[in-house]
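Okay, structure first, notes after.
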Amino acid sequence: MPSDCIVTKELFECRRCGDCCKGFGGTYLTGEDIEAISRYIGSNPEKFIARYCSLSGTKPVLAQRSDGYCIFWDNICTIHLVKPHMCRKWPFIESILVDAKNWLIIADSCPGIHADAPVDAVQKYVKKKLTRDN
Ligand code: SF4
Ligand code: SF4
């Protein structure tokens, strides 16, 4: 889930490696995501879900290809302009507020994260971003 790469560079700079677009057990979609992506690809929600999603329980998630990558990954995110909320948030996720150690845990799987960034600065940024985006 490459982020916008314009965030505080002392905390995170996306390397565009695509590691977060692979094998994470599904990217959840909000109703807004479904509407926006359907429109962007010239489809409608029903067709989009049938063609590009799988179900996690009862919830639609973006389908993955046999190589484990998201169906919309092609060396870049091909729906970057309308990518799901979950992708836009990364790596500034709620769980970092619950326990700052989660920043270090996700840094293991994301080379763009500056694991040595001060945790209070990370948490402050997450709070600000979540307030702004929600
Ligand atoms: S929608 Fe884009 S950013 Fe999100 S997992 Fe798929 S390729 Fe990655
Ligand atoms: S794993 Fe991290 S550095 Fe790589 S594309 Fe995803 S956000 Fe960017």
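Going by the working numbering, the sequence shown runs without a break in its numbering and finishes at 148. We put the beta carbon where it would ideally sit given N, CA and C, even for glycine. The structure displayed is predicted, hence computed values, not measured ones.
Judged by their CB atoms, Val136 and Ala114 are nearer to each other than the 8 Å cut-off.
CA-CA distance, Glu27 to Gly40, rounds to 23 Å. Inter-residue distance for Gly45 and Pro125 is about 30 Å (C-alpha atoms, whole angstroms). Measuring C-alpha to C-alpha distances from Lys73 to each of Leu43, Ile93, Cys35, Asp81 identifies Leu43 as the nearest.
Looking at the DSSP output, Pro74 sits in a beta bridge with Leu69.
Taking 7 Å as the cut-off, one finds no heavy atom of ligand 1 near enough to the beta carbon of Ile120.
Under the DSSP definition of a beta bridge, Cys84 partners with Gln78. Residue environment: Cys35 is assigned as buried (16 or more neighbouring CB atoms within 10 Å of its CB, all protein chains considered). No Cβ-Cβ contact shorter than 8 Å links Pro105 with Ile90.
When DSSP states are grouped into helix, strand and coil, Cys34 belongs to the helix group. A distance criterion of 7 Å places the beta-carbon of Ile63 beyond contact range of ligand 1, judged by its closest non-hydrogen atom. In this structure, Gly82 and Gly37 form a Cβ contact; the two beta carbons are roughly 4 Å apart against a cut-off of 8 Å.
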